[in-house]
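Here this note's numbering is used: the first residue of the sequence shown is 19, the next is one more, and so on.
Glycine included, every Cβ here is placed at the ideal spot set by N, Cα and C.
For reference, the structure is listed below as structure tokens.
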Amino acid sequence: MRSVPHFINGALVEERGHSPVFNPATGEVIAKVPVPSRDVIDQVVEVARSASTSWGQSSLSRRTNILFTLRQLLVEHVDELAALITTEHGKTHADAKGEIARALENVEYACGLIEHLKGGFSDQVADGVDVHSTREPVGVVVAVTPFNFPIMVPLWMTANALASGNAVILKPSERDPSVSVRLGELLQQAGLPDGVFNVLQGDGSTVTALLEHPDVDAVSFVGSTPVARHVHDVASAHHKRVQALGGAKNHMVVLPDADLDVAADAAINSGFGSAGERCMAISVVVAVGDVAGDLIDKIATRLDKLRVGPGQDPASDFGPLITKEHLDRVVSYVTSAPDDGINVVRDGTSMVSPRGFFVGPSLLDGVRPGTKVYDDEIFGPVLGVARVATFDDAIALVNNNPYGNGVAVFTRDGNAARLFSRQVHVGMIGVNVPIPVPIAAYSFGGWKSSLFGHAHIYGPEGFAFYTRAKVITTRWPDASESQIDLGFPTTR
Ligand code: NAD
19 MRSVPHFING ALVEERGHSP VFNPATGEVI AKVPVPSRDV IDQVVEVARS
69 ASTSWGQSSL SRRTNILFTL RQLLVEHVDE LAALITTEHG KTHADAKGEI
119 ARALENVEYA CGLIEHLKGG FSDQVADGVD VHSTREPVGV VVAVTPFNFP
169 IMVPLWMTAN ALASGNAVIL KPSERDPSVS VRLGELLQQA GLPDGVFNVL
219 QGDGSTVTAL LEHPDVDAVS FVGSTPVARH VHDVASAHHK RVQALGGAKN
269 HMVVLPDADL DVAADAAINS GFGSAGERCM AISVVVAVGD VAGDLIDKIA
319 TRLDKLRVGP GQDPASDFGP LITKEHLDRV VSYVTSAPDD GINVVRDGTS
369 MVSPRGFFVG PSLLDGVRPG TKVYDDEIFG PVLGVARVAT FDDAIALVNN
419 NPYGNGVAVF TRDGNAARLF SRQVHVGMIG VNVPIPVPIA AYSFGGWKSS
469 LFGHAHIYGP EGFAFYTRAK VITTRWPDAS ESQIDLGFPT TR
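Structure, rendered in structure tokens:
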């Protein structure tokens, strides 16, 4: 059985495999992921620490050139990378290519590092005194990523962390770890010095060891809410800079004036794309006023045409779930929904296959707070519809939810959309856009239980997170101007 290697100091490092990696389309174990020994963990941190010193001193033009080359290599290898993602994750090839396209945006943004790392200069703030600011790398950055975007989320972190002059230790998801190793090889091919980017395979215990390690300076985490909270707390207790992005329950509010065909298309795309395994997937459609009946009919008609199958098959709209355990969990939400008085409009559990981790799309009517399908993040192809009477009820529903990652409003009324955007307590809002993942020039982050720590990820906040500020106050006095004065220095 193949053991997925680490990528440390520019070389593949083998250890005995531990956790299984499945091909979710067949259910077969195709590789095993090691859990690194303490020696290997210490080795990778030492390598990264040592590499961070010289990389942090590298010229900005050199970093830019490497990132430009990486971008080109990612473009040239897009089909190979997408195939690798499809094999271990299960998403369709087209969806995997979409993920790579969004990852490329982050590399392109990082290529502008000379602009992003620019400091300020204030001339003559007092007589003969100037002030300027710089930003310096934090040192060793640990990046911990989830299974659902095995190349995009690593590049959300890595592109800006490397651009800022840091060394990176990526701990990818143990579910689909191979593409991270390819990323390491491509970065090496792009000219990145060995040791600046490393991939350490492993599980939660590996992450905890890194969080506690004295030579780790900053931690970027993306994953589920309970783990995000834990990572934030442990990293903070060990005095690390930390941003930990968690799970979600994203609402799509459909106002009575909305075009219901447009809304139904959006609900299908955002609810069932990637089998609902996206942190920005819509999981609750909020039907306002009397739109529920027509809207549910339109969604159900479209849902009946979806094709579930292997990600390699171009005819598949979405592929399998990540593991059998996760499949069973998703199925249990649908089968137990009637116990909470929820109407199962479409039951995708009839499509569960003996081979692979497939389940069909489900549509549930009448989800509401206090029911399991509303309260929990299901992370599968299950779309709930909540019925509310008014715009204010919709806002209250969204704001009372503990998560605050993404939300969408569907309407033709600009003022209603504006009020909605101002009143919801959510980090990313789409107006007639169901998956409002910001472009790379803006930062990504939820509110409430969707983010622990204050910094959003990538974009300008990414550069701020991966650097420390310095402010230098300068004076070149003549000896004749020098004097004894024990008063606190003022600019007046
Ligand atoms: P997960 O929390 O199970 O795992 C994420 C990472 O944490 C993995 O690398 C895993 O090895 C590690 N990990 C697991 N247990 C740990 C522990 N006890 N201590 C330390 N590290 C641990 O998440 P997942 O199932 O891989 O991904 C799906 C989740 O990620 C969903 O909740 C989804 O909403 C969320 N997600 C959020 C965003 C976002 O931007 N907010 C983006 C993608 C996914």
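* In whole angstroms, what separates the C-alpha of Leu-313 from that of Ser-354? -> 24 Å
* Asked: Regarding Leu-204 and ligand 1, is the C-beta to nearest heavy atom distance less than 7 Å?
  -> no
* Asked: Can you find a heavy atom of ligand 1 that lies under 7 Å from the Cβ of His-248?
  -> yes
* **Host alpha helix (DSSP H) of Gly-74 (start-end)** => 56-74
* Asked: If you measure from the CB of Ala-114, is any heavy atom of ligand 1 nearer than 7 Å?
  -> no
* Would you call Thr-104 buried or exposed, if buried means 16 or more other Cβ atoms sit within 10 Å of its Cβ? -> buried
* Taking 8 Å as the cut-off, decide whether the C-beta atoms of Gly-183 and Ile-340 are in contact. => no
* To do: Measure the C-alpha to C-alpha separation of Ala-236 and Tyr-351 and round it to an integer number of angstroms.
  => 37 Å
* **Reference Glu-32; option with closest CA among Glu-46, Pro-52, Pro-42** => Pro-52
* By how many angstroms is the C-alpha of Arg-430 removed from the C-alpha of Asp-393? -> 29 Å
* Asked: Using CA coordinates, which residue listed in Asn-417, Gly-378, Glu-499 is at the minimum distance from Gly-464?
  -> Asn-417
* To do: Give the single residue among Ala-282, Asp-496, Phe-290 whose Cα lies nearest to the Cα of Asp-145.
  => Asp-496
* When DSSP labels each residue in this structure, what does Met-19 get in the three-state scheme? -> coil
* **Ala-13 versus Leu-92, Val-125, Asp-315, residue with shortest Cα-Cα distance** => The structure shown does not extend to residue 13, since the chain is modelled only from 19 through 510, so no value can be given for it.
* Asked: Do you know whose CA, among Ser-292, Ile-84, Ile-453, lies nearest Gly-398's CA?
  -> Ser-292
* Proximal residues to Ser-242 (C-beta, below 7 Å), its chain only, five neighbours per side dropped -> Gly-264, Gly-265
* To do: Taking Val-403 and Ser-380 to be in contact with their CB atoms under 8 Å, please state how far apart those CB atoms are, rounded to whole angstroms.
  => About 11 Å; that fails the 8 Å criterion.
* Return the bridge partner residues of Ile-421 from the DSSP annotation. => A small fix is needed here, since residue 421 is Tyr in this sequence, not Ile. The partner list for Tyr-421 (beta bridge, DSSP) reads Lys-466.
* I think Val-306 touches Val-271, with their Cβ atoms under 8 Å apart; what is that distance to the nearest whole Å? -> 6 Å
* Asked: What are the uninterrupted segments assigned as beta strand (DSSP E) that are 3 or more residues long and contained completely in the region 335-391, given in chain order?
  -> 361-364, 380-383
* Do you know offhand how far Ser-439's Cα is from Met-446's? -> 9 Å
* **Sufficient close CB pairs (3 or more, under 8 Å) joining the region 283-299 to the region 322-341** => yes
* Asked: Between Phe-86 and the rest of its own chain, which residues show a CB-CB distance below 7 Å, the 5 nearest in sequence each way excluded?
  -> Cys-129
* CB-CB length for His-36 against Val-217, believed under 8 Å -> Between Val-217 and His-36 the Cβ distance is about 16 Å, and since that is not below 8 Å, they are no contact.
* **Element boundaries [beta strand (DSSP E), containing Gly-448]** => 446-449
* By Cβ distance, which residues of its chain are closer than 7 Å to Ile-457, with the 5 residues on each side in sequence left out? -> Glu-123
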